[in-house]
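In what follows, a structure is listed as structure tokens, so that the remarks can point back to it.
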Amino acid sequence: MHELSIATALMEQILDIAKTNGMDVVDQVELETGFLRQVIPEVMQLAYKEVIVDTIAKSSILIIIEVEAKAQCRRCMKVFEPEMGNFLCPDCLVADVDIKSGNEIILKSIGGIPVL
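Going by the numbering used here, the residue at position 48 of the sequence shown is 49; the numbering climbs one at a time, nothing skipped.
In structure tokens form, the structure reads like this:
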């Protein structure tokens with residue numbers, strides 16, 4: 002379950018950003034996860050609930066945006082959606098690709114209440 006290590010690293014980022022921006026409470030977190038990272042949203046939600054306990058984000062909600070995988074063949078330049086473990090170009094059947102999307106884990110935004 003790599004979701005717990007992702008959630009732990011995410012919480013460190015959230016707390017740093019909240020502190021830098023003078024937030025007293027974090028109420029919403031938006032996370033973008035690529036298909037190729039194999040993050041299971043339900044498991045990620047459970048891991049997130051574990052790491053927010055006793056933090057300024059303890060009542061926050063996690064919004065997960067899943068990003069589809071896109072690859073581009075270096076030979077024929079075709080852009081396609083690869084399946085997990087299969088990076089063969091559907092046109093020229095060569096497995097020499099650049100990953101264009103779907104391999105990311107990005108903290109897109111956090112919402113909260115500033116310190117008064």
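We put the CB at the ideal spot given by N, CA and C, even for glycine.
If you're wondering where the values come from, they're calculated on a predicted model, not measured in any experiment.
ask   = Rounded to whole angstroms, how far is the Cβ of Leu118 from the Cβ of Leu32, which I believe are closer than 8 Å?
value = Residue 118 is absent from the structure shown; the chain starts at 2 and stops at 117.
message = Among Ser61, Val98, Ala72 and Ser102, whose alpha-carbon lies nearest the alpha-carbon of Gly113?
response = Ser61
task = From the DSSP output, in three-state form, read off Ile18 for me.
result = helix
ask   = Just the Cα atoms here: how many angstroms apart are His3 and Glu43?
value = 13 Å
task = Determine contact between the region 83-95 and the region 52-61, defined as no fewer than three beta-carbon pairs at a distance below 8 Å.
result = They do not touch, by the three-pair rule.
query = I think Ser102 touches Lys79, with their Cβ atoms under 8 Å apart; what is that distance to the nearest whole Å?
reply = Contact between Ser102 and Lys79 is ruled out by a C-beta separation of about 15 Å, above the 8 Å threshold.
request  = Alpha carbon to alpha carbon, how far is Gly23 from Asn87? Give it in angstroms, no decimals.
outcome  = 45 Å
ask   = Taking the DSSP output, what are the residues bridged to Val27?
value = Gly113
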